[in-house]
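Heads up, the thing below is written out as structure tokens.
Protein chains: 2
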Amino acid sequence: VSETLADVGEFGLIHRIRRLLEMRGAVGTGLIFGAGDDTAAMTPRAGHDILVTCDAMVEGRHFLGSLMSAREIGRRAMAVNISDIAAMGGAPRWALVSLGLDRDVPVRRILEHYKGMLDELNPLNAIVAGGNVTRSGNGMFIDITLIGEVERGRMIKRSGADPGDAILVTGWPGQATAGLELFLGDTDANEGMALPLIQAYKTPCHRVREGQALASTGLVNAMIDISDGFLGDLAHICEESRTGAEVMEDALPVSESLAWFAERVGRSPQDLVIRESDDYELMFTCAPMHVETLKSAVARVSEVPVTHVGWITDEPGGFYRIGADGARNELVLKGWDHFGERG
Amino acid sequence: VSETLADVGEFGLIHRIRRLLEMRGAVGTGLIFGAGDDTAAMTPRAGHDILVTCDAMVEGRHFLGSLMSAREIGRRAMAVNISDIAAMGGAPRWALVSLGLDRDVPVRRILEHYKGMLDELNPLNAIVAGGNVTRSGNGMFIDITLIGEVERGRMIKRSGADPGDAILVTGWPGQATAGLELFLGDTDANEGMALPLIQAYKTPCHRVREGQALASTGLVNAMIDISDGFLGDLAHICEESRTGAEVMEDALPVSESLAWFAERVGRSPQDLVIRESDDYELMFTCAPMHVETLKSAVARVSEVPVTHVGWITDEPGGFYRIGADGARNELVLKGWDHFGERG
Chain A
2 VSETLADVGE FGLIHRIRRL LEMRGAVGTG LIFGAGDDTA AMTPRAGHDI LVTCDAMVEG
62 RHFLGSLMSA REIGRRAMAV NISDIAAMGG APRWALVSLG LDRDVPVRRI LEHYKGMLDE
122 LNPLNAIVAG GNVTRSGNGM FIDITLIGEV ERGRMIKRSG ADPGDAILVT GWPGQATAGL
182 ELFLGDTDAN EGMALPLIQA YKTPCHRVRE GQALASTGLV NAMIDISDGF LGDLAHICEE
242 SRTGAEVMED ALPVSESLAW FAERVGRSPQ DLVIRESDDY ELMFTCAPMH VETLKSAVAR
302 VSEVPVTHVG WITDEPGGFY RIGADGARNE LVLKGWDHFG ERG
Chain B
2 VSETLADVGE FGLIHRIRRL LEMRGAVGTG LIFGAGDDTA AMTPRAGHDI LVTCDAMVEG
62 RHFLGSLMSA REIGRRAMAV NISDIAAMGG APRWALVSLG LDRDVPVRRI LEHYKGMLDE
122 LNPLNAIVAG GNVTRSGNGM FIDITLIGEV ERGRMIKRSG ADPGDAILVT GWPGQATAGL
182 ELFLGDTDAN EGMALPLIQA YKTPCHRVRE GQALASTGLV NAMIDISDGF LGDLAHICEE
242 SRTGAEVMED ALPVSESLAW FAERVGRSPQ DLVIRESDDY ELMFTCAPMH VETLKSAVAR
302 VSEVPVTHVG WITDEPGGFY RIGADGARNE LVLKGWDHFG ERG
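Chains as they are written, first to last, in this note's numbering: chain A, 2 to 344; chain B, 2 to 344.
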């Protein structure tokens, strides 16, 4: 029988987490000390600004404890936060992990969550610097605060898009939602085409190396990660930049797997690319003359494709899709809202 | 009928929170931008280290939505985090607020939570720099990450206590638990003696000014806030410092209200002081020759009493109470454990 939280208690759990971190945690630079005190202390690098983001995942709402392994859940929770730092062009350095737990959760399972988080942090030389555990009422939550750094003057905001800018996106948006549908459906996940989609949902990739490469050029005007979906986050950029946008339907990147899925469910693959999906790709804008420079900057650090998908316009709140035939149709943005009827 | 979260949606709520913060939030220095992007960015002060702490409060577990006002809950959630920064001798600067919410919660109520947080932050010239809102499964949680700063070299850890050090404590520990018992019982809360105790529970004070004054002397060897109770946190100091401790029963600070409560429930007032209680006072140690200097340092910024309550010993894990008659009895530490049977 495996030990539960009720068996080992809060402090027993914290000891086990500390031991795991000492064994597996990358030793980052700049950390003064970690999980011993309630508060972690860090020395920021000279000439850098501090970035801070936090994102909570609630069991049953943002992840399915029954369908994903504990380690996958930990990876996912951390990747989502890394993606927010990536969108600013920063590098993650220290994570604080706050867990809300039921008494009967096995200790081994919690340590697996941590291993998943370290799977994401270690390659980036970032560490878990502290956190806490709390008894939750009903179901688990994982709330991660991730602290990163960016060279002063190199940070990229959402609000800098200019009319006439090209809109670019990394990777293959839309895959995660397709994966989730397959995952929840009766599909044989081992079917060749389904696998990349399910992987896209279960262990999403952040684009932090790509984001840093982009930031270092100084040529990106606005950037965001598309965790609210391609259109949802395009709308965020346009709202903060007081612009509109045109999306070139023909140019949208459709992966082979997504094309297979679209045919299977009888939907437009382009629609799947731009609607809600948890893909954590980066969307960014730049003056047209810099498109090739930015593609090259990413290509130097990553094999992820970068696609030019549209244009920023001077009509605030105007969103259009441009068809292969040149037809210009308004896009109705329903966005993504975790509390609304569609959430 | 008041608007709920389901009515306004996630983005509607975020807009309202931003508006509130713009109107009421202290404008801190060093913040580059706040709640617009998912990630907040800050410029750290030269020559300072960064402190980060996070603490989650779960409805029904750490607060009672039915008995405390939304504003009191917000204050409490923030004060608890400020206290962790205080224990390091730091100053809080930026808070990130992560809320887990049910769909039917009134928007007004959420804004009241924020007002309570600002009640605590504004006097310290600290701000809410960002955060997020998440739909929770069942019941609310408030998870706050608070970032502070401390002059490099001035930070105080738990682990620095030396045998022979005096142990000191601020304020009147034990009041919060007495207040909670009164609060949950059938007591008339307006009874004169009950009021300070109930206040101690509902709107606990942090000791951040006192902590900074202490840190600035450079004479404190170890410090902690006693959120796990007087004995629980004394044990943390001793564990990290590999020491033991003696508590002088006679010297323990017993407030007039706590003495009244102890008599009413037929318990030893000293026992109430040292057992579990959410008081957020500071406990610290120093060489005996510095006791008066440290009392004076606190007295210059605060009217909160500082009491010399015991001694650090060289017997790791040995905890004793010294009676008025000089009798030396071992203290059994049950500690505080949110998951254990007593949690």
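Ideal Cβ placement from N, Cα and C applies to all residues, glycine included.
Query                                                                                                                         : Result
CB contact check: Met118 (chain B) to chain A, cutoff 9 Å                                                                     : no
Per-residue burial, Ala328 (chain A) [other beta carbons within 10 Å of its own, 16 or more giving buried]                    : exposed
Positions along the segment 40 to 73 of chain B whose CB lies within less than 9 Å of some CB in chain A                      : Thr40, Ala41, Ala42, Met43, Thr44, Pro45, Ala47, His49, Asp50, Ile51, Leu52, Val53, Thr54, Cys55, Asp56, Ala57, Met58, Val59, Glu60, Gly61, Arg62 and His63
Closer than 9 Å at the beta carbon, the chain A residues around Ile86 (chain B)                                               : Thr40
Chain B contact for Met79 (chain A) (CB, 9 Å cutoff)                                                                          : no
Completely contained beta strand (DSSP E) runs for the segment 274 to 343 of chain A, where each covers 3 or more residues    : 283 to 287, 307 to 314, 320 to 323 and 329 to 331
Opposing strand residues paired with Glu152 (chain A) [DSSP bridges]                                                          : A:His49
Those runs of the alpha helix (DSSP H) which lie wholly inside the segment 177 to 224 of chain B and span at least 4 residues : 195 to 203 and 209 to 218
Sequence-distant residues of its chain with Cβ nearer than 6 Å to Ala80 (chain A) (five each side left out)                   : Glu121, Pro205 and His207
N- and C-terminal bounds of the beta strand (DSSP E) containing Ser160 (chain B)                                              : Note, Ser160 (chain B): premise wrong, no beta strand (DSSP E); not H, not E.
Helix, strand or coil at Ser70 (chain B) [DSSP, three-state]                                                                  : coil
Min CB distance Gly149 (chain B) to chain A below 9 Å                                                                         : yes
Ser242 (chain A), buried or exposed, once every other Cβ within 10 Å from all chains shown has been counted against 16        : buried
Bridge partners - Ala41 (chain B), DSSP secondary structure assignment                                                        : A:Val53
Three-state secondary structure (DSSP) of Asp144 (chain B)                                                                    : strand
Unbroken stretches of the beta strand (DSSP E), 3 residues or longer, contained in the segment 60 to 109 of chain A           : 92 to 102
Own chain partners of Val209 (chain A) with C-beta closer than 6 Å, once the 5 adjacent residues on each side are dropped     : Ile83 and Ala87
Nonlocal neighbours in the same chain, by C-beta distance under 7 Å from Glu11 (chain A), ignoring five residues either side  : Val134
Closest residue to Glu113 (chain B) among B:Leu295, B:Ile143, B:Gln271 and B:Pro317 (Cα-Cα distance)                          : B:Ile143
The segment 147 to 167 of chain B contacting the segment 218 to 226 of chain B, beta-carbon criterion three pairs below 8 Å   : yes
Segment limits, beta strand (DSSP E) that includes Arg20 (chain B)                                                            : From DSSP, Arg20 (chain B) is part of no beta strand (DSSP E) but of the alpha helix (DSSP H) over Leu6 to Arg25.
Nearest-angstrom beta carbon gap, Pro93 (chain B) and Leu147 (chain B) [assumed within contact, 8 Å]                          : 5 Å
Beta carbon proximity, Met392 (chain B) to chain A, threshold 9 Å                                                             : A query on residue 392 (chain B) cannot be resolved here, the shown segment of chain B reaching from 2 to 344 and no further.
Neighbour-count burial assignment, Ala96 (chain B), 16 or more Cβ in a 10 Å radius                                            : buried
Rounded separation between Val9 (chain B) and Thr5 (chain A) - CA only                                                        : 40 Å
Cβ shell of Phe340 (chain A) (< 6 Å), same chain only, five flanking positions each side left out                             : Confidence is the limiting factor: at Phe340 (chain A) the pLDDT is only 44, short of 50, which leaves the residue's position unreliable and the question unanswerable from this model.
Buried/exposed call for Val274 (chain A), threshold 16 Cβ in 10 Å                                                             : buried
Any chain C beta carbon closer than 9 Å to Leu97 (chain B)                                                                    : Protein chains in the displayed structure are A and B, and chain C is not among them.
Per-residue contacts from Pro178 (chain B) into chain A (C-beta, under 9 Å)                                                   : With the sequence shown as reference, residue 178 (chain B) is identified as Thr, and Pro is not the correct amino acid for it. The premise fails here: Thr178 (chain B) is roughly 18 Å from chain A at the closest Cβ pair, so nothing lies under 9 Å.
Short Cβ contact (9 Å threshold) for Ala162 (chain A) with Asp280 (chain A)                                                   : no
DSSP-derived helix/strand/coil call for Ala260 (chain B)                                                                      : helix
Separation of Thr54 (chain B) from Ser353 (chain A), as counted between CA atoms                                              : Outside the displayed range of chain A (2 to 344) lies residue 353 (chain A), so it cannot be described from this structure.
Local conformation of Val266 (chain A) per DSSP, three classes                                                                : helix
Limits of the beta strand (DSSP E) - the one that Glu250 (chain A) falls within                                               : Counting along the chain, Glu250 (chain A) falls outside any beta strand (DSSP E), and DSSP gives it neither H nor E.
Cβ pair Val108 (chain A), Ser3 (chain A) closer than 9 Å                                                                      : yes
Contact with chain B by Phe231 (chain A), beta-carbon distance below 9 Å                                                      : no
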